[in-house]
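Single-structure report; data block below.
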Amino acid sequence: MISFAVPVSEKTLIAHIRRMALQPGARGGNRALLTGIGDDCAVVRLRPEQEMLVTTDFSLEGVHFRRRWHPPESVGHRCLARGLSDIAAMGGLPTAVFLSLALPPELPQRWVERFARGLLSLARKYGAPLAGGDTAESPHGILADIVVMGTVPRGKAVRRAGARPGDRIYVSGELGGSAAALARMTGTSKSKLNPRYYPAHFFPQPRIELGRALREKGLVSAMIDISDGLSTDLAHICEESGVGAEVEAEAVPRASVGKAGHQVDLPVALHGGEDYELLFTAPVGRRIPSRISGVPITRIGNVVRRRKILLMSRGGIRCELGPEGWEHFKK
Ligand SMILES: [Mg+2]
Numbered sequence: 027m028i029s030f031a032v033p034v035s036e037k038t039l040i041a042h043i044r045r046m047a048l049q050p051g052a053r054g055g056n057r058a059l060l061t062g063i064g065d066d067c068a069v070v071r072l073r074p075e076q077e078m079l080v081t082t083d084f085s086l087e088g089v090h091f092r093r094r095w096h097p098p099e100s101v102g103h104r105c106l107a108r109g110l111s112d113i114a115a116m117g118g119l120p121t122a123v124f125l126s127l128a129l130p131p132e133l134p135q136r137w138v139e140r141f142a143r144g145l146l147s148l149a150r151k152y153g154a155p156l157a158g159g160d161t162a163e164s165p166h167g168i169l170a171d172i173v174v175m176g177t178v179p180r181g182k183a184v185r186r187a188g189a190r191p192g193d194r195i196y197v198s199g200e201l202g203g204s205a206a207a208l209a210r211m212t213g214t215s216k217s218k219l220n221p222r223y224y225p226a227h228f229f230p231q232p233r234i235e236l237g238r239a240l241r242e243k244g245l246v247s248a249m250i251d252i253s254d255g256l257s258t259d260l261a262h263i264c265e266e267s268g269v270g271a272e273v274e275a276e277a278v279p280r281a282s283v284g285k286a287g288h289q290v291d292l293p294v295a296l297h298g299g300e301d302y303e304l305l306f307t308a309p310v311g312r313r314i315p316s317r318i319s320g321v322p323i324t325r326i327g328n329v330v331r332r333r334k335i336l337l338m339s340r341g342g343i344r345c346e347l348g349p350e351g352w353e354h355f356k357k
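For the sequence shown, the numbering used here gives the first residue as 27, with consecutive numbering after it.
And the structure:
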């Protein structure tokens with residue numbers, strides 16, 4: 027599964043990643059993985075009555091990260107967070123992680139070690155061992171492809187398609203923190219940021235525990251993770267469910283960023299992506315606590331029959347909320 031179609035130094039590197047991946051505690055109590063790196067395939071044992079979840083995500087240099095902006099640990103962390111967040115959005119638990127890397131020959135080995143450290147420490151936190159992957163030489167830039175496998179009890183995966191008119195709409199955490207960091211790096215100041223003041227961008231936390239709690243308690247009718255921005259991801263739920271939505275502008279929880287803790291503007295919270303919070307709907311009768319698994323939950327609106335997404339402001343002004351994902355901030 028890990029092949030050696032790369033220079034000798036890369037062999038050392040893979041051996042190193044393998045050693046890092048096999049350190050005590052790497053499995054975090056996960057017993058599903060029977061055979062990982064070191065054979066032709068990983069062998070994963072599924073318990074009866076479980077279904078498998080699989081998600082795959084690219085992290086491309088110049089598209090998802092820049093070497094001069096993002097410390098390698100952050101690139102590794104974000105690479106895996108994307109996949110774990112998809113598992114969280116289905117109410118699942120991660121089982122195993124697979125990583126394919128294409129690396130330019132001039133890339134210092136140290137970069138990859140730090141990347142692996144960032145990725146593996148997040149993997150360990152959620153008991154999702156690195157179980158295999160591949161490497162190759164890349165002619166242009168770094169490419170990392172992550173596959174995360176997870177499980178959910180049979181028939182219990184939370185889909186995007188379950189929202190019904192009358193349901194309430196909720197989000198976890200705060201929105202716009204990641205996009206605000208990106209805007210500062212790409213903006214006129216082109217400033218390099220201290221990751222400590224922008225954790226939502228450099229080290230986002232996938233909401234695995236929250237997704238699981240919502241699924242177990244049967245609280246939700248539909249769910250998605252916010253990777254492309256609230257407006258775009260809410261549109262995905264509405265499309266798949268055949269419904270519309272009304273969002274209260276004042277209710278949208280806006281992130282505070284930077285050393286001074288400035289609150290982001292509403293458009294950044296509405297359209298900024300890569301926060302990896304959960305967006306979900308719940309039938310009216312369900313009591314949703316204001317905090318679940320340590321994460322604040324905010325009600326932001328209602329599901330409606332008419333298939334449009336409206337933004338409601340104080341004073342009753344309504345306008346249509348078009349999906350403008352985070353691509354918007356790259357221009
Ligand atoms: Mg997703």
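Note that beta-carbon positions come from the ideal geometry of N, C-alpha and C, so glycine has one too.
Option in the options with minimal Cα separation from residue i
i, options, result
"G320", "L146, S85, G199, F306", "G199"
"V80", "I343, P293, M116", "M116"
"P230", "A47, S100, L336, R57", "S100"
"F124", "G255, F84, P221", "F84"
"P225", "E300, L304, R312", "E300"
"L39", "G118, F141, I263", "F141"
"L292", "T307, A275, A308, A286", "A275"
"V69", "Q76, E75, L60", "L60"
"E350", "T258, G342, A205, P165", "T258"
"G62", "L156, H166, A41", "L156"
"R194", "A271, A58, R340, R94", "A271"
"G173", "G144, L127, L305, P309", "The sequence as given places Val at residue 173; Gly does not occur at that position. When each option's Cα is compared against that of V173, the closest is L127."
"G237", "P97, R71, P322", "P322"
"M78", "H42, H103, I113", "I113"
"R71", "E163, I43, M175, W137", "M175"
"L208", "W95, A183, A47, G268", "W95"
"V89", "Q49, G64, I168, P74", "I168"
"I43", "G158, Q76, S111", "G158"
"A277", "G268, C264, L256", "L256"
"E303", "R57, A170, R93, A205", "A205"
"T324", "C345, E87, G203, L305", "L305"
"I318", "V290, E235, Q289, L347", "E235"
"V294", "G202, D160, R73", "G202"
"V273", "G192, V290, Y223", "G192"
"G244", "A281, P221, S267, R313", "R313"
"E75", "A183, Q49, V330, H103", "A183"
Limits of the beta strand (DSSP E) - the one that residue i falls within
i, result
"Q76", "76 to 86"
"V197", "194 to 198"
"M175", "169 to 179"
"G237", "Per DSSP, G237 belongs to no beta strand (DSSP E); it is in the alpha helix (DSSP H), 234 to 242."
"A271", "270 to 274"
"G327", "321 to 330"
"T161", "156 to 163"
The alpha helix (DSSP H) enclosing residue i, as first and last residue numbers
i, result
"A261", "256 to 267"
"S126", "Unbroken run through S126 is the beta strand (DSSP E), 119 to 129; no alpha helix (DSSP H)."
"V225", "A small correction: the amino acid at residue 225 is Pro; Val does not occupy that position in the sequence shown. Residues 225 to 228."
"A209", "203 to 212"
Three-way DSSP call (helix, strand, coil) for residue i in this model
i, result
"P97", "coil"
"R45", "helix"
"L292", "helix"
"I28", "Because I28 carries a pLDDT of 45, less than 50, the predicted location of this residue cannot be relied on, and no value is offered for it."
"R140", "helix"
"R340", "coil"
"G348", "coil"
"A58", "coil"
"M116", "coil"
"I318", "strand"
"L365", "Any question about residue 365 goes unanswered here, given that the chain covers just 27 to 357."
"A248", "strand"
"R150", "helix"
"S217", "coil"
"S111", "helix"
"R190", "coil"
"R280", "strand"
Supposed close pair residue i, residue j - CB separation, criterion 8 Å
i, j, result
"I326", "V246", "With 8 Å as the limit, I326 and V246 do not qualify as a contact, their Cβ atoms being about 14 Å apart."
"H262", "R186", "6 Å"
"A107", "P279", "The Cβ separation is near 20 Å, so there is no contact."
"A58", "L146", "Incorrect: roughly 18 Å between the Cβ atoms, too far for contact."
"A248", "A189", "4 Å"
"L129", "P120", "Incorrect: roughly 25 Å between the Cβ atoms, too far for contact."
"T82", "D171", "7 Å"
"P221", "P98", "Contact doesn't hold; Cβ gap of about 12 Å is too wide."
Min CB distance residue i to chain B below 9 Å
i, result
"R136", "Structure shown: chain B not included; a single protein chain is present."
**Study point:** Contact between the region 211 to 227 and the region 335 to 346 (3+ Cβ pairs under 8 Å)
**Key:** no
**Study point:** Given 8 Å, three or more beta-carbon pairs between the region 250 to 259 and the region 297 to 313
**Key:** yes
Exercise for review: Take every Cβ of the region 270 to 290, pair it with every Cβ of the region 148 to 159, and state whether three or more of those distances are shorter than 8 Å.
Suggested key: no
Check your understanding: Does the region 178 to 185 come close enough to the region 128 to 144 to have 3 or more Cβ pairs within less than 8 Å?
Key -> no
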